[in-house]
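Here the structure is laid out as structure tokens; the discussion comes afterwards.
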Ligand code: CA
């Protein structure tokens with residue numbers, strides 16, 4: 031959903047920028063093994079990957095910060111992350127070090143106790159890159175494994191950095207950014223492979239998921255989300271439309287080690303004008319499950335066949351073991367842009383049930399109760415005819431956009447950020463829709479609309495009882511991820527700048543803190559030396575920056591209970607050990 035005239039990214043220094051500081055904390059540099067990552071959910075103190083564990087539940091077993099004392103949370107250190115272009119990342123914490131990204135795929139390593147900056151790295155960006163970024167120069171975080179920190183860059187590279195120094199260990203070009211491929215998601219390391227997705231669903235890419243050897247960067251496999259000629263599903267694309275059909279993979283995935291299945295969501299098809307590609311257009315706007323060793327797709331579930339509304343299906347699924355109708359179910363949960371919260375059987379992709387997350391959905395008259403297939407309200411389908419269709423509910427930002435929900439596996443409650451709004455879509459006339467590499471290939475103009483009342487809501491949903499429990503409204507759209515803790519707290523943020531904690535049972539806000547800018551990132555919690563910390567990035571940018579003005583910002587704030595030992599919290603130096611630039615010693 032590109033802003034029509036996105037400003038080019040500011041050009042950075044010509045060479046790779048990296049500085050490292052002597053004297054790292056006694057952190058284990060050879061970091062998590064494959065087995066450590068599989069056990070990440072049981073690791074109480076650290077936060078080893080984007081969704082905390084392969085199931086993406088974002089549920090922490092830590093209990094020091096609880097309802098009775100959450101009012102005592104105070105900032106203990108903060109840091110700035112270089113640019114005002116929006117912060118969307120989830121930090122990763124391991125061995126006493128926090129690894130986090132700012133905009134433009136800048137990577138930072140901090141001492142997670144005192145905020146001392148250990149190293150930072152910034153990729154070179156080519157001139158003109160801004161024209162292929164639909165939604166701002168954002169990045170959603172790193173992955174770690176062994177000696178490396180992995181990050182994806184806006185010009186579609188995967189880079190492995192040395193964990194101790196921030197120096198490049200290896201890097202690979204994933205694709206040609208000038209053809210509209212870019213990368214903003216957090217990679218996922220599974221069984222010694224770095225799994226990456228790409229963006230470009232608004233630029234006519236053909237989406238894929240790709241795996242690289244974590245140690246060497248050698249390409250292991252590539253799986254296209256759109257089947258080629260002769261492959262099952264290619265018949266759902268007329269002619270050559272599959273070649274430029276979208277199905278981008280711009281978020282992170284999930285992994286079930288017991289089933290040996292890797293799950294990844296896919297974007298809208300291209301162009302947006304669905305009558306130019308009659309058919310289901312598999313596997314766009316879908317969830318696909320793959321064998322992580324080979325990349326071979328085992329099954330797909332399509333949320334929105336023949337999508338015409340930019341209802342990307344990318345939102346990272348949560349894997350949850352629940353009981354439905356008295357039977358244990360291995361489920362995959364996803365809150366979709368199209369306005370429905372889906373519960374699928376993750377062993378085979380079968381639809382179990384779905385429930386609307388917002389009121390007034392009108393692009394469909396309902397989902398088939400057995401298959402989940404939507405019955406499309408054709409009056410709400412924009413065509414390549416120059417005629418506006420309005421109001422379509424939900425607007426293309428969703429429902430729920432990319433910001434991750436959380437799930438408490440003990441209470442079976444999902445905490446779901448949602449937005450209730452509408453859009454108008456006006457398809458171009460078909461003769462005016464042409465594919466050109468690196469150019470926007472939407473074939474449509476859009477506008478988002480309010481419906482009156484609050485847009486944003488954090489909502490709690492009992493996945494087993496199929497019941498919405500409470501909600502916290504916000505006048506502006508919400509774009510922050512969620513953290514749930516075993517102590518019965520839910521943390522998230524809003525566009526008014528508040529980072530807050532609510533009672534997971536009632537939705538009562540128990541504590542909040544003004545961070546100074548809109549929050550579009552996802553909180554984490556970790557424990558070091560017997561002290562629990564909670565961290566969040568604050569900085570308006572990305573899509574919400576298109577729709578309203580609010581103070582820009584750029585900060586990482588870390589909180590703990592206020593009985594910190596004096597002289598410890600926030601006592602980290604900047605880490606600058608050499609005076610450089612215009613300052614020189616007095617001549618002798
Ligand atoms: Ca899209």
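In the working numbering, the protein residues as written are 31 to 618. Using N, Cα and C, we set each Cβ at its ideal position, and we do this for glycine too.
Locate the beta strand (DSSP E) running through residue 141, then write down its first and last residues.
137 to 141
Let me make sure I understand the geometry here. Which of 244, 165 and 234 has the alpha-carbon closest to that of residue 178?
244
For ligand 1, any of its heavy atoms closer than 7 Å to the Cβ of residue 113?
no
Less than 8 Å separating the beta-carbons of residue 121 and residue 554?
yes
Alpha helix (DSSP H) runs wholly inside the stretch 468 to 496, at least 4 long, in chain order
none
Residue 208, DSSP secondary structure in three states
helix
So what does residue 178 bridge to, in DSSP terms?
175 and 192
Using a Cβ-Cβ cutoff of less than 6 Å, which residues in the same chain neighbour residue 153 once the five nearest sequence positions on both sides are dropped?
135 and 183
Residue 65, enclosing alpha helix (DSSP H) - first and last residue
64 to 68
Using C-beta distances below 7 Å, list every residue in its chain close to residue 480, excluding the 5 sequence neighbours before and after it, in chain order.
451
Which residues in the same chain have their Cβ closer than 6 Å to the Cβ of residue 615, if we skip the five residues on either side of it in sequence?
none
Which residue or residues does DSSP assign as beta-bridge partners of residue 364?
372
Would you tell me roughly how many angstroms separate the C-alpha atoms of residue 276 and residue 330, rounded to the nearest one?
16 Å
What are the residues that DSSP puts in a beta bridge with residue 455?
419 and 476
Classify residue 408: buried if its beta carbon has 16 or more other beta carbons within 10 angstroms, exposed otherwise.
exposed
Nearest CA to the CA of residue 272: which residue from 247, 309, 112 and 241?
309
Ordered list of alpha helix (DSSP H) runs contained in the stretch 378 to 419, each at least 4 residues:
none
Just to confirm my understanding: we take residue 432, look at its own chain, exclude 5 residues before and 5 after, and list those with CB closer than 7 Å. What are they?
281, 344 and 345
Is it right to say residue 252 is buried, meaning 16 or more other beta carbons lie within 10 angstroms of its own, or is it exposed?
exposed
Would you tell me roughly how many angstroms separate the C-alpha atoms of residue 486 and residue 386, rounded to the nearest one?
15 Å
Roughly how many whole angstroms lie between the Cα atoms of residue 359 and residue 150?
43 Å
Who are the Cβ neighbours of residue 288 in its own chain at under 8 Å, not counting the five residues just before and after it?
none
Distance cut-off 7 Å: residue 10 Cβ against heavy atoms of ligand 1:
With the chain covering 31 to 618 only, the question about residue 10 has no answer from this structure.
Any idea if residue 53 is buried or exposed, counting beta-carbon neighbours within 10 angstroms, 16 or more meaning buried?
Any reading at residue 53 must be qualified, since the residue scores a pLDDT of 42, below 50, and its modelled position is unreliable; no value is offered.
Quick check on DSSP: helix, strand or coil for residue 294?
strand
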